[in-house]
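In this note's numbering, the protein residues as written are 1201 to 1430. Even glycine gets a Cβ: it sits at the ideal position worked out from N, Cα and C. The structure presented is a predicted model; accordingly, all values stated were derived computationally and were not measured.
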Amino acid sequence: MQFRIEALDQHYGSSQVLRQVGLEIAPGECLAVLGRNGAGKTTLLKCVMGLIAPSAGRVLLDGADITGWSPNRRSRAGIAYVPQGREIFSELTVGENIEAAARAHGTYGTAAMEEAVSLFPVLAEMWKRPGGALSGGQQQQLAIARALVTRPRLLILDEPTEGIQPNIVAAIGEVLRALKGRLSILLVEQYLDFAIETADAFLILSRGAVVESGRAEAMSRAHLTRFIAV
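Pasting the structure below:
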């Protein structure tokens, strides 16, 4: 899968939030987007998913311009989004959350369901428990599994470690590293250790513009910290 963004602008009223943002994700790799609060990271992800429209620029998937596509069409083309705050169905059971996503994408009853749940064994143990009764970390695991059951080619994650206990952060990291090579990942993350352990490349946003990008091995922790320290 080839995914690229070209010269993306986005405005909220008269305020410009994204300024000529460009990026490319290599097939099977993880690109981590870093930046301080208010840098435009979540807005960028929403533009990628089609939840908000850019003011200018293009979003390209395998060379096709998908800038005008709906979120549903992007999802069916293989883009899955795990938003900040998870947004699971709290009144549905764990199983119903997974099954709803699988039915919507034609993977119900296939190996995709079993594979997604097997990555987070706690979900099988809590299959009949309401999503709202899970801890924050368990809900995050459910949100990721729900995205994976759609068999995406690009997985988008908005701060997946936020407010989550360390053992679950470690489990999520192991899963994402295992998935690389099978799909591409676009990760927004404030927890630098997690980003460093997971990403193959970094893109730094400041005030809506790309101020630095490069391969992970070429960027030191001290260098990256400069762009996210408050």
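Please return the same chain residues whose Cβ sits closer than 6 Å to the Cβ of residue i, not counting the five positions on each side in sequence.
| i | result |
| --- | --- |
| Ala1324 | Val1317 |
| Leu1319 | Val1375 |
Out of the options, point me to the one whose CA is closest to residue i's CA.
| i | options | result |
| --- | --- | --- |
| Val1282 | Pro1366, Leu1355, Leu1218, Gly1332 | Leu1355 |
| Lys1380 | Tyr1391, Glu1389, Thr1398, Ile1364 | Thr1398 |
| Gly1285 | Phe1320, Ala1395, Ile1396, Gln1339 | Gln1339 |
| Ala1280 | Ser1335, Arg1346, Val1369 | Arg1346 |
| Val1388 | Ala1401, Thr1310, Ala1264 | Ala1401 |
| Gly1408 | Phe1203, Gly1222, Gly1309 | Gly1222 |
| Leu1357 | Ile1344, Val1369, Ile1368 | Ile1344 |
| Leu1392 | Ala1371, Glu1362, Ile1368, Leu1383 | Glu1362 |
| Glu1417 | Thr1307, Gln1365, Leu1231 | Leu1231 |
| Pro1360 | Glu1296, Arg1276, Phe1394, Asn1272 | Phe1394 |
| Val1217 | Gly1228, Met1201, Ala1256, Met1313 | Ala1256 |
| Arg1274 | Ser1420, Gln1390, Phe1203, Met1419 | Phe1203 |
| Glu1229 | Ala1311, Ser1384, Ala1422 | Ser1384 |
| Pro1227 | Leu1424, Met1313, Arg1382 | Arg1382 |
| Ala1264 | Ser1215, Ile1205, Val1411 | Ile1205 |
Quickly, what does DSSP pair residue i with across the bridge? List them, please.
| i | result |
| --- | --- |
| Cys1230 | Ile1385 |
| Asp1262 | DSSP lists no partner for Asp1262. |
| Leu1405 | Val1410 |
| His1211 | Gln1216 |
| Ala1280 | Leu1355 |
| Lys1380 | Leu1383 |
| Leu1223 | Ile1205 |
| Thr1243 | None; Thr1243 has no bridge partner. |
| Pro1330 | Thr1293 |
Please look up how many angstroms separate the CB atoms of residue i and residue j, rounded, as I've assumed it's under 8 Å.
| i | j | result |
| --- | --- | --- |
| Leu1376 | Ile1225 | So it is not a contact: roughly 14 Å between Cβ atoms. |
| Glu1287 | Pro1330 | The pair is not a contact, with the Cβ atoms about 15 Å apart (cut-off 8 Å). |
| Leu1342 | Asn1272 | About 21 Å separates the two Cβ atoms, so there is no contact after all. |
| Trp1269 | Gly1250 | 6 Å |
| Ala1302 | Ala1312 | 7 Å |
I'd like the list of long-range same chain contacts for residue i, defined as Cβ closer than 8 Å, with 5 residues on each side in sequence excluded.
| i | result |
| --- | --- |
| Leu1252 | Here the sequence assigns Ile to residue 1252, which means Leu is not the residue at that position. Gln1210, Thr1243, Lys1246, listed in sequence order. |
Only counting the same chain, and skipping five residues up and downstream in sequence, which positions put a Cβ closer than 7 Å to that of residue i?
| i | result |
| --- | --- |
| Gly1235 | Lys1241, Ile1404, Leu1405, Ser1406, Phe1427, Ile1428 |
Stretch-stretch touch, CB-based, cutoff 8 Å, three pairs: the region 1229 to 1248 with the region 1339 to 1352: In short, these stretches do not touch, since the Cβ pair count stays below three.
Validate contact between the region 1259 to 1273 and the region 1325 to 1339 using beta carbons, cut 8 Å, 3 pairs: By the criterion of at least three beta-carbon pairs nearer than 8 Å, the region 1259 to 1273 is not in contact with the region 1325 to 1339.
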